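**Student:**
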Amino acid sequence: MTNPTHPIVLVTGAQGSLGKFVIRKLLHQGYQVIATHHLTKPTPAAPLEKSPTATLTWVQMDVTSPQSVKAAIQGLPPQLSKIDHLIHCAGGFRYAMGDSVRDDDIEFLLDVNLKSSFYLIRELLPKMKKNAFGRIVLVSSKATLNPGAGMGIYGASKAALNALVSSVADEVRSFDININAVLPSVIDTPVNRKEMPKADYTTWVTPDALADIMVSLIEPWGKPIHGALIPVAGRV
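Just so we're aligned, residue 99 is where the sequence shown starts under the numbering used here, counting upward by one.
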């Protein structure tokens with residue numbers, strides 16, 4: 099059974115630039131972390147610093163597959179089955195103009211940015227309702243507020259995610275369950291630097307800072323924040 103002072107957190111996209119920072123912070127603060135990997139279980143170059151109460155368990159999960167999400171969650175050992183919180187870092191981006199967007203672009207972005215959230219919430223929310231407690235943190239995008247050229251399908255996939263947050267927030271209002279989303283602008287990752295070599299990186303949002311905000315939403319002092327769509331724009 100979960101120690102209430104050391105809750106269990108499921109983190110998706112744990113091998114990504116943002117997920118890595120989220121995991122480090124959770125382990126440092128003593129959480130029991132279940133981290134997802136898609137294909138190959140990662141081998142850290144160096145041991146992760148963590149508090150004595152923290153644990154890290156890797157599970158294979160394809161967040162775009164409802165069968166994989168269900169199997170991974172239902173296959174957890176009993177001591178980790180009561181997941182208290184979800185931090186859903188997995189996501190994707192593609193730039194596509196409206197007159198040339200491919201079917202594959204549409205399917206990919208809806209699968210990874212929207213459907214994955216539905217699959218995870220569908221599996222975890224009944225458990226959270228049973229325990230009358232839980233925190234869900236999703237990653238949307240500032241592009242939902244004013245999507246520019248080529249951001250239509252990406253912005254649409256994230257805007258639909260915003261609607262999901264608002265709807266579920268209303269559904270769980272009578273429980274001690276919170277759902278929120280952060281809306282970053284450009285996250286300072288190696289991939290984004292490679293794609294935009296002439297950009298001013300100092301205006302972007304660092305994954306370290308974004309991870310701080312996301313983890314704070316599952317902390318006790320984050321309880322009043324519910325159904326929020328939180329812009330994290332940096333200076334973009």
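We treat Cβ as the ideally placed atom computed from N, Cα and C, and that holds for glycine. Computed from a predicted structure; not experimentally measured.
(1) Confirm, please, whether the CB-CB distance from VAL330 to ALA307 is below 9 angstroms.
(2) According to the Cβ coordinates, are MET226 and PHE273 closer than 9 angstroms?
(3) Would you check if the distance between the CB atom of ILE277 and the CB atom of PRO305 is smaller than 9 angstroms?
(4) Can you give the beta carbon distance from LYS256 to THR242, rounded, assuming they're within the 8 angstroms contact cut?
(5) Using a Cβ distance threshold of 8 angstroms, determine whether the segment 177-190 contacts the segment 232-240, with at least three qualifying pairs required.
(6) Below 8 angstroms, can you find three or more Cβ-Cβ pairs linking the segment 119-133 to the segment 204-219?
(7) Does the beta-carbon distance from GLY253 to CYS187 come in below 9 angstroms?
(8) Alpha carbon to alpha carbon, what distance is there between ALA261 and PRO318?
(9) What residues match up with PRO329 in a beta bridge as DSSP calls it?
(10) Give me the Cα-Cα distance between LEU218 and THR287, rounded to the nearest whole angstrom.
(11) Check whether the Cβ atoms of LEU174 and VAL157 sit closer than 9 angstroms, and answer yes or no.
(12) Just the C-alpha distance for ALA194 and ASP201, rounded to the nearest angstrom, thanks.
(13) Taking the Cβ atom as the reference point for each residue, do ILE316 and ALA279 lie within a distance shorter than 9 angstroms?
(14) Distance, Cα to Cα, GLU269 vs HIS324?
(15) Taking the straight line between their C-alpha atoms, what separation do you get for SER283 and SER163?
(16) Kindly list the residues whose CB is nearer than 6 angstroms to the CB of VAL334, restricted to its own chain and excluding five residues on each side of it in sequence; keep chain order.
(17) Return yes when the Cβ of MET312 is within less than 9 angstroms of the Cβ of VAL237, no when it is not.
(18) Starting from HIS186, follow its DSSP beta bridges and name the residues at the other end.
(19) Would you tell me roughly how many angstroms separate the C-alpha atoms of GLY189 and PRO322, rounded to the nearest one?
(20) Check the C-beta distance from ALA107 over to ALA309 and give it rounded, since I have them as a contact under 8 angstroms.
(21) Taking just the CA atoms, how far does ILE171 sit from TYR129?
(22) Determine the extent of the alpha helix (DSSP H) in which HIS126 is found, giving its start and end residues.
(23) Here's the rule I'm using: 16 or more other beta-carbon atoms within 10 Å means buried, otherwise exposed. How should THR151 be labelled?
(24) Do you know offhand how far MET159's Cα is from LYS118's?
(25) So, for GLY320: in the same chain, excluding its five sequence neighbours on each side, which residues have a beta-carbon less than 6 angstroms away from its beta-carbon?
**Tutor:** Looking at the atomic coordinates:
(1) Cβ atoms of ALA307 and VAL330: closer than 9 angstroms.
(2) Taking 9 angstroms as the Cβ cut-off, MET226 and PHE273 qualify as a contacting pair.
(3) no
(4) 5 angstroms
(5) In short, these stretches touch, since the Cβ pair count reaches three.
(6) With the cut-off at 8 angstroms, the segment 119-133 and the segment 204-219 do not touch.
(7) no
(8) Rounded to the nearest angstrom, the two C-alpha atoms are 25 angstroms apart.
(9) LEU281
(10) 25 angstroms
(11) yes
(12) Roughly 11 angstroms separates the two Cα atoms.
(13) no
(14) 12 angstroms
(15) 27 angstroms
(16) SER283, VAL284, THR301
(17) Closer than 9 angstroms, so yes.
(18) Partner(s): THR110, LEU236.
(19) 26 angstroms
(20) It is worth fixing the name first, because residue 107 is Val in this sequence and not Ala. Their Cβ separation, rounded to whole angstroms, is 12 angstroms, which puts VAL107 and ALA309 out of contact at 8 angstroms.
(21) Distance between the alpha carbons of TYR129 and ILE171: 18 angstroms.
(22) 115-126
(23) exposed
(24) 16 angstroms
(25) If we look at GLY320 and ignore the five residues flanking it on each side, its Cβ neighbours are SER314.
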